[in-house]
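Novice: Position in the sequence shown (from 1) plus 4 gives the number in the working numbering.
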Amino acid sequence: MAIIGAGPAGLTLARLLNLSKTNIKVTVYELDKSEHSRPDQGGSLDLHADTGLAAIKKCGLWDAFLQHACYAGGGEQGTYDRPEIDRKGLRRILLDSMPPGSVQWGMKLKGVNEDGTLRFDGIERVEGPFDLIVGADGAWSKVRIKVTDVKPVYSGISGYEMTIPHPAKTCPHVSAMVGKGSWFTSSDAKFLNAQRQGDGSLKIRSWFRCPEGETKEVLERHGEQKTLEMVLGRYKGWAPEVLEFLKQGDLASLTQWTLFELPVGTNGEGVNKAMEDAMELAKMIEKSLDVKENLTLDGAVMLLEQSLFVRSERLQRKTMVNKENVFGPGAPIAIFTGLLKSVADESSSVLVKVVGTVPVLALVHGMLWTWMCIGFAVRQFWRRA
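Right under this line is the structure:
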């Protein structure tokens, strides 16, 4: 079996198959030249109990996970725990669990042949053939195009990211606002976020609606300093404390992001769903190899895909609601009422579900609106004074 991509999904699947009692030879092919060739792999991830965390436990890596996990000051106990872990930390514990030589680095997939072999850039020979090829290579997957012509679409949202390497020393006032978790604000179709990383640094992200390619073009044409000035201009009239997040960022770390959807967007479910899919696929593969089961490998994959589509549809609806809550006219209040409804919908407690009813959400909306108006008036008074 070949797995394309040594990210959380691909490595989770490989780990589970290596743990299985079936004699499955698994090779993971990864584009990166080495584990350390791409030191900045993005911000931290929050793993959910019934998906990402369940996969970690199924992989037998819970103790290793706890060494890297951050519970944002809330402890390990709770009804809505979603501990965070840096992407490189998650990748590290999964890689450490892999047999030597099972991950092939620097392998850029060029295409998948009809006979189940793989073509890679710079390599004349083909790899394979394989009984099953799993594409875990992201939105622009070279494997997916063999089964569908659906391509990622632009979400309408782009932005910039910077790092504050040592916020506790260079800007303690900013560091204190974030604490051990995350900080965000949203209004006027703009979203500003700061997220604590495992090494104590902060990831600062500015997201906004704009035409596709605009953020990349601006950065390439004007450079980091001018780009930052233009970003700050988007937040004209916002509280000075908020702008400090952008002003304290390391310009050398400024990068742009253009968000695409295929078709699930940004709702915090990406890595969790991927790791859940890996668990389900490993289970179905094992089932197909059980002589007691009347199931072929192709049949097992088809059954799995049917269940994946059902889960994906639910997440598609959720992500579109979240995007509207963050970038729509109802922000920032819609973010909090949307979060309350999401927590209520996922809870088994009758009392918590009451919080997600229309009357309660309307009451919360009114209270937040009143508080926001009072706060705005007070700030205006003190600034004039």
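Positions of the beta carbon are idealized from the N, C-alpha and C atoms, including for glycine.
#1: When DSSP labels each residue in this structure, what does residue 217 get in the three-state scheme?
#2: Excluding sequence positions up to five away, which residues of its chain have a Cβ less than 6 angstroms from the Cβ of residue 26?
#3: Does the pairing of the segment 89-102 with the segment 127-135 give three or more beta-carbon distances under 8 angstroms?
#4: Starting from residue 199 and walking both ways along the beta strand (DSSP E), at which residues does that stretch end?
#5: Below 7 angstroms between beta carbons: does that hold for residue 57 and residue 286?
#6: Let's test the definition: count the other Cβ atoms within 10 Å of the Cβ of residue 12 and tell me whether it reaches 16, buried, or not, exposed.
#7: Report back the beta-carbon spacing between residue 101 and residue 65 to the nearest angstrom; my notes put them in contact at under 8 angstroms.
#8: On the DSSP bridge list, what partners appear for residue 100?
#9: Identify whether residue 82 lies in helix, strand or coil by the three-state DSSP scheme.
#10: Residues in its own chain within less than 8 angstroms of residue 340 by CB, not counting five upstream and five downstream?
#11: Name the DSSP beta bridge partners of residue 188, please?
#12: Would DSSP call residue 129 helix, strand or coil?
#13: Going straight from the alpha carbon of residue 82 to that of residue 198, what length do you get?
#14: What are the partner residues of residue 375, as DSSP defines its beta bridges?
#15: Just checking my contact of residue 255 with residue 232 at CB under 8 angstroms: how many whole Å lie between their CB atoms?
#16: With the cut-off set at 7 angstroms, would you say residue 120 and residue 37 are in Cβ contact?
#17: Should residue 209 be labelled buried (16 or more other beta-carbon atoms within 10 Å of its own) or exposed?
#18: If you compare alpha carbons, which of 331, 318, 379 is closest to residue 349?
#19: CA-CA distance, residue 91 and residue 63?
#20: Between residue 322 and residue 127, what straight-line distance do the alpha-carbon atoms span, to the nearest angstrom?
#21: Apart from the five residues on each side of it in sequence, which residues of its chain come closer than 6 angstroms, Cβ to Cβ, to residue 143?
#22: Classify residue 361 as helix, strand or coil using the three-state DSSP reduction.
#23: So, using beta-carbon positions, are residue 87 and residue 190 closer together than 7 angstroms?
#24: In three-state terms, what does DSSP make of residue 320?
#25: Return the CA-CA distance between residue 370 and residue 364, expressed in angstroms with no decimal places.
#26: Residue 253 and residue 168 look like a contact to me (Cβ under 8 angstroms); what is the Cβ gap, rounded to whole Å?
#27: Per DSSP, which residues does residue 157 bridge with? Please list them.
#28: Quick check on residue 26: does DSSP put it in helix, strand or coil?
#29: Specify whether the segment 68-75 and the segment 292-310 touch according to this definition: at least 3 beta carbon pairs, one from each stretch, less than 8 angstroms apart.
#30: Do you know offhand how far residue 181's Cα is from residue 304's?
Specialist: Reading off the structure:
#1: Residue 217 sits at position 213 when you count from the first residue of the sequence shown. Note: residue 217 maps to coil in three-state DSSP.
#2: Taking the first residue of the sequence shown as 1, we reach residue 26 at position 22. Cβ contact annotation for residue 26 (same chain, cutoff 6 angstroms, sequence separation greater than five): 290, 293, in chain order.
#3: Between the segment 89-102 and the segment 127-135 there are fewer than three C-beta pairs closer than 8 angstroms, too few to call the two in contact.
#4: Looking up residue 199 in the sequence shown gives position 195. Element bounds for residue 199: 194-200.
#5: For the purposes of this step, residue 57 is taken as residue 53 along the sequence shown, with counting starting at 1. For the purposes of this step, residue 286 is taken as residue 282 along the sequence shown, with counting starting at 1. No, Cβ-Cβ distance for residue 57 and residue 286 is not below 7 angstroms.
#6: On the sequence shown, residue 12 is found 8 positions in, with the first residue counted as 1. Here residue 12 is buried. Its C-beta has 16 or more other C-beta atoms within 10 Å.
#7: Position 97 of the sequence shown holds residue 101. Position 61 of the sequence shown holds residue 65. Going by Cβ atoms, the distance from residue 101 to residue 65 rounds to 6 angstroms, so yes, they are a contact pair.
#8: By 1-based counting over the sequence shown, the position of residue 100 is 96. According to DSSP, which records beta bridges pairwise, residue 100 is partnered with nothing at all.
#9: Here residue 82 is taken as the residue at index 78 of the sequence shown, counted from 1. Confidence at residue 82 is low in this model, with a pLDDT of 44, below 50, so its placement is unreliable and the value that follows should be read with caution. The answer is coil: DSSP assigns residue 82 none of H, G, I, E or B.
#10: As a working mapping, residue 340 is identified with position 336 in the sequence shown. Within the same chain, residue 340 has close Cβ partners 368, 372.
#11: As a first step, residue 188 is located in the sequence shown; it is residue number 184 there, counting from the start. When DSSP reads this structure, residue 188 sits in a beta bridge with 197.
#12: As a first step, residue 129 must be located in the sequence shown, where it is residue number 125. Looking at residue 129 - three-state DSSP - the assignment turns out to be coil, as it is neither helix nor strand.
#13: If you number the sequence shown from 1, residue 82 lands on position 78. If you number the sequence shown from 1, residue 198 lands on position 194. Its pLDDT being 44, under 50, residue 82 is placed unreliably in this model, and the coordinates cannot settle the point.
#14: Numbered from its first residue, the sequence shown carries residue 375 at position 371. According to DSSP, residue 375 bridges with nothing at all.
#15: As a first step, residue 255 must be located in the sequence shown, where it is residue number 251. As a first step, residue 232 must be located in the sequence shown, where it is residue number 228. Taking C-beta atoms under 8 angstroms as the contact rule, residue 255 and residue 232 qualify, at a distance of about 6 angstroms.
#16: In the sequence shown, counting from the first residue as 1, residue 120 sits at position 116. In the sequence shown, counting from the first residue as 1, residue 37 sits at position 33. Not in contact: residue 120 and residue 37 (Cβ atoms no closer than 7 angstroms).
#17: Along the sequence shown, one-based indexing puts residue 209 at 205. Classification for residue 209: buried.
#18: As a working mapping, residue 349 is identified with position 345 in the sequence shown. From the listed residues 331, 318, 379, the smallest Cα separation to residue 349 is found for 318.
#19: Here residue 91 is taken as the residue at index 87 of the sequence shown, counted from 1. Here residue 63 is taken as the residue at index 59 of the sequence shown, counted from 1. Answer to the nearest angstrom: the Cα atoms are 17 angstroms apart.
#20: Sequence index remark: in the sequence shown, residue 322 carries index 318 (1-based). Sequence index remark: in the sequence shown, residue 127 carries index 123 (1-based). Whole-angstrom Cα-Cα distance: 42 angstroms.
#21: The count along the sequence shown starts at 1 and reaches residue 143 at position 139. Taken in chain order, the residues that qualify are 156, 264, 266.
#22: Indexing the sequence shown from 1 puts residue 361 at position 357. Coil, per DSSP.
#23: What you label residue 87 is simply residue 83 of the sequence shown in a count that begins at 1. What you label residue 190 is simply residue 186 of the sequence shown in a count that begins at 1. No, Cβ-Cβ distance for residue 87 and residue 190 is not below 7 angstroms.
#24: Here residue 320 refers to the residue found at position 316 when the sequence shown is read from its first residue. Here residue 320 sits in helix by DSSP.
#25: The residue given as residue 370 occupies position 366 in the sequence shown. The residue given as residue 364 occupies position 360 in the sequence shown. Their Cα atoms are separated by approximately 10 angstroms.
#26: For the purposes of this step, residue 253 is identified with residue 249 of the sequence shown, where counting begins at 1. For the purposes of this step, residue 168 is identified with residue 164 of the sequence shown, where counting begins at 1. Correct: roughly 6 angstroms between the Cβ atoms.
#27: For the purposes of this step, residue 157 is identified with residue 153 of the sequence shown, where counting begins at 1. Here residue 157 is bridged, per DSSP, to 265.
#28: Within the sequence shown, the letter at position 22 stands for residue 26. Three-state DSSP puts residue 26 in coil, outside helix and strand.
#29: Too few Cβ pairs lie closer than 8 angstroms, so no.
#30: In the sequence shown, counting from the first residue as 1, residue 181 sits at position 177. In the sequence shown, counting from the first residue as 1, residue 304 sits at position 300. Their backbone Cα atoms lie some 49 angstroms apart in a straight line.
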